[in-house]
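What follows is a single structure, written as C-alpha cells, with notes after it.
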Amino acid sequence: MPVRKFRTIEEMNQPVWRTPGDPALYAAIANLWHRSAQLSGRRFTPGVRRFRDIATLEASADEASDSPVLPRR
Amino acid sequence: MTTHHLPADGGHATVRGPYTVPVDFDDIRQVLAAFERDGVRYAIFGATALNLHGLARATEDLDVFVDPTEENIDRLRHALHHVFDDPSIDEITSADLLGDYPAIQYIPPTGNYHLDFVTRLGHAFTFNDLELVRMPFGDLTVTVVSARTLYRMKRDTVRLKDQADAAWLKARFFGEED
Numbered sequence: 045m046p047v048r049k050f051r052t053i054e055e056m057n058q059p060v061w062r063t064p065g066d067p068a069l070y071a072a073i074a075n076l077w078h079r080s081a082q083l084s085g086r087r088f089t090p091g092v093r094r095f096r097d098i099a100t101l102e103a104s105a106d107e108a109s110d111s112p113v114l115p116r117r
Numbered sequence: 699m700t701t702h703h704l705p706a707d708g709g710h711a712t713v714r715g716p717y718t719v720p721v722d723f724d725d726i727r728q729v730l731a732a733f734e735r736d737g738v739r740y741a742i743f744g745a746t747a748l749n750l751h752g753l754a755r756a757t758e759d760l761d762v763f764v765d766p767t768e769e770n771i772d773r774l775r776h777a778l779h780h781v782f783d784d785p786s787i788d789e790i791t792s793a794d795l796l797g798d799y800p801a802i803q804y805i806p807p808t809g810n811y812h813l814d815f816v817t818r819l820g821h822a823f824t825f826n827d828l829e830l831v832r833m834p835f836g837d838l839t840v841t842v843v844s845a846r847t848l849y850r851m852k853r854d855t856v857r858l859k860d861q862a863d864a865a866w867l868k869a870r871f872f873g874e875e876d
C-alpha cells in the first residue's frame with residue numbers, strides 16, 4: 045500500500061502499535077533505530093558516570109542530546 | 699571473552715574516524731544476550747521497553763533497572779565485560795549503586811549510545827515494586843517492566859516526551875482507566 049490518505053493531520057500522526065512477537069515489530073525497531081542514528085551521528089564521551097538520582101542522569105542525557113551534533117567523517 | 703566488534707566493511711556499523719554510527723538493534727541485542735547468559739536480574743524500562751511493548755520509537759539509550767544486590771552487580775559487570783573490551787566497566791560498583799549513586803550511565807567505547815543502570819527511582823520504585831514480564835526481543839526473551847509499570851513510571855515525570863509516551867500507553871492499554 046504505497047499511498048495512504050488521511051482526512052486530518054491528527055489521523056496521520058497516530059502511533060502504529062504492533063504486537064510483541066510479530067517480526068514486523070522488530071524489523072520496524074531495527075529500521076527506525078538505524079535510520080535515526082544515521083541522521084543523528086551523535087557521539088557521547090565513553091566512560092562511566094555516577095548520579096545521585098535518575099532525574100539528574102536524565103537531565104545530563106537531555107543536555108547531551110541538545111548539544112550540537114558532531115560532524116561525521 | 700567475546701568482544702564487541704563492528705564490521706569494517708560498511709553496512710550500518712561502519713566506523714569512520716573517531717565518529718561512529720550508529721546504535722542499532724544488534725548492539726542492544728548483544729548486551730541483553732549477555733545479561734541473559736550471565737543470569738543478571740534486570741528489567742528494561744524507558745523507551746526500549748516502549749518499543750518492546752509494540753511502539754517503535756527512536757532512542758539513544760537502554761534503561762535498565764537492576765536488582766540491587768552485590769552478587770547481581772558482579773554479574774552485570776561480568777556480562778558487560780563479555781560484550782565490551784573496556785576496563786572502565788570496573789567503575790560500575792555495588793558500593794555506588796547500593797549507596798549514594800543509584801543511577802550510573804555507561805557509555806561504551808563506540809560512544810554511540812548509553813546504558814543507564816538504576817537500582818531505585820527516588821522513593822517511588824524499587825526493583826521489588828516492578829511488575830515484570832518476559833517478552834521477545836528478536837530471537838531473545840528478555841525481562842521488561844509491564845505496560846502498567848511503564849505507564850506509572852512515565853506518567854508522573856516532567857519530561858514532555860515521557861508524558862507523550864504515557865498518553866500513548868494509556869490509550870493503547872488502559873483507556874479511561876488510570
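Which chain is which? The protein sequence lines are A and B, in order.
Going by the numbering used here, the letters in the first sequence line up with residues 45 to 117, in that order.
Going by the numbering used here, the letters in the second sequence line up with residues 699 to 876, in that order.
In this text, a Cβ means the ideal position worked out from N, Cα and C, and glycines have one as well.
Buried versus exposed call for residue i [16 or more other C-beta atoms within 10 Å across all chains shown]
{"i": "A:E102", "result": "buried"}
{"i": "A:I53", "result": "exposed"}
{"i": "A:N57", "result": "exposed"}
{"i": "B:F872", "result": "exposed"}
{"i": "B:G737", "result": "exposed"}
{"i": "B:E758", "result": "buried"}
{"i": "B:L813", "result": "buried"}
{"i": "B:G744", "result": "buried"}
For residue i, the first and last residue of its enclosing alpha helix (DSSP H)
{"i": "B:A745", "result": "744 to 750"}
{"i": "B:A801", "result": "From DSSP, B:A801 is part of no alpha helix (DSSP H) but of the beta strand (DSSP E) over 801 to 805."}
{"i": "B:D794", "result": "792 to 795"}
{"i": "B:H776", "result": "768 to 781"}
{"i": "B:T847", "result": "845 to 853"}
{"i": "A:P67", "result": "67 to 84"}
CB contact below 8 Å: residue i versus chain A
{"i": "B:Y740", "result": "no"}
{"i": "B:A732", "result": "no"}
{"i": "B:R853", "result": "no"}
{"i": "B:F723", "result": "yes"}
{"i": "B:R857", "result": "yes"}
{"i": "B:R735", "result": "no"}
Neighbour flag for residue i against chain B, beta carbons, 8 Å
{"i": "A:R48", "result": "no"}
{"i": "A:E107", "result": "no"}
{"i": "A:L76", "result": "yes"}
Range of the contiguous beta strand (DSSP E) that encloses residue i
{"i": "A:R60", "result": "Note on residue identity: the sequence assigns Val, not Arg, to residue 60 of chain A. Taken as a continuous stretch (DSSP letters only), A:V60 belongs to no beta strand (DSSP E), as it is neither H nor E."}
Residue i vs residue j beta-carbon contact at 8 Å
{"i": "B:R832", "j": "B:T839", "result": "yes"}
{"i": "B:R739", "j": "B:L748", "result": "no"}
(request) Closer than 8 Å, Cβ to Cβ, to anything on chain A: give me those residues from the region 784 to 814 of chain B, in chain order. (result) D784, S786, I787, E789, I790, D794, D798, Y799, P800, A801, I802, Q803, Y804, I805, P806, P807, T808, G809, N810, Y811, H812, D814
(request) Anything in the region 816 to 850 of chain B with a Cβ closer than 8 Å to a Cβ of chain A? List those residues in chain order, please. (result) V816, L819, G820, M833, P834, F835, G836
(message) At a CB distance below 9 Å, what residues from the region 52 to 68 of chain A approach chain B? Give them in sequence order.
(response) P59, V60, W61, R62, T63, P64, G65, D66, P67
(message) Please list, in chain order, the residues of the region 744 to 777 of chain B that have any C-beta partner in chain A closer than 8 Å.
(response) N749, L750, H751, G752, L753, A754, R755, A756, T757, E758, D759
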